[in-house]
Amino acid sequence: MPGLRFFSRAYPTAKGERVTLKFPTGQEYAEWAELRGTSRHFLEQWEPAWASDELGQPAWRARIRRYREEHGRGAGTAFLIYLNDTGKMAGGISIGNIRRGVAQSAQVGYWMGESHAGRGIMLDALRLASRYGFETLGLHRIEAACIPGNTRSMRVLEKAGFTREGLLRSYLKINGTWQDHYLYALIVDDYRAQQIRGKTGGI
1 MPGLRFFSRA YPTAKGERVT LKFPTGQEYA EWAELRGTSR HFLEQWEPAW
51 ASDELGQPAW RARIRRYREE HGRGAGTAFL IYLNDTGKMA GGISIGNIRR
101 GVAQSAQVGY WMGESHAGRG IMLDALRLAS RYGFETLGLH RIEAACIPGN
151 TRSMRVLEKA GFTREGLLRS YLKINGTWQD HYLYALIVDD YRAQQIRGKT
201 GGI
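If you count by full-length UniProt numbering, then the sequence shown holds residues 1 to 203, one letter each, in order.
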């Protein structure tokens, strides 16, 4: 991925050709709340039920504390997605539930503001986050769970090289209802093969 750079591990940042992933510092509240608020109807169908104060500043501060705590103990890293051409926030992506020992695996989750959907931005962000997971965090496997009806998310995962491995029944409570999810995964060997194909011009 030409142009990719990784920065401080204290507040990690990963920059690619089209997007930059930045660990939240806490100063992003206004832009985050506006993007999430204007995209609420678009996002709610794929997320856990929103709290009554979902977009309030106290909830934001609690979110930032959780991000810092998880990152500090090596359990996960959250990023906000910014467009390189405009500097605007487009969404968020996180690598969480990091398991070391014999697993060396994690789960990736993401959201995109409605006005930015359908432009290939999340595909770029997912590829960048996967590279961060494998090359910086040293993971062996990255998993993603996707509701069967979310065809847009399934296409993104498959274009990023993730393989559908099975169906997790009644896996997560989404928007107040327990939902089945497809399990997708990308392992480091497949990721490395992708990098080789990209450098050699293979498909």
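Positions of the beta carbon are idealized from the N, C-alpha and C atoms, including for glycine. For clarity, every value in this text was computed on a predicted model and none was experimentally measured.
| Asked | Found |
| --- | --- |
| Can you tell me which of the three DSSP states Ile-174 falls into? | strand |
| Val-102: buried (16+ other C-beta within 10 angstroms of its C-beta) or exposed? | exposed |
| Which value, in whole angstroms, describes the spacing of the CA atoms of Gln-195 and Gly-92? | 24 Å |
| Determine the DSSP secondary structure at Gln-107, reduced to helix, strand or coil. | strand |
| Do you know whose CA, among Trp-178, Leu-183, Ser-153, Arg-36, lies nearest Arg-164's CA? | Leu-183 |
| Reducing DSSP to helix, strand and coil, say where Phe-62 ends up. | The residue asked about is misnamed: residue 62 is Ala in this sequence, not Phe. Three-state result, Ala-62: helix. |
| Starting from Val-156, trace the alpha helix (DSSP H) in both directions and tell me its first and last residue. | 151-159 |
| Go ahead and label Arg-66 buried or exposed: buried means 16 or more other beta carbons lie within 10 angstroms of its beta carbon, across all protein chains shown. | exposed |
| Put Asp-124 into one of helix, strand or coil per three-state DSSP. | helix |
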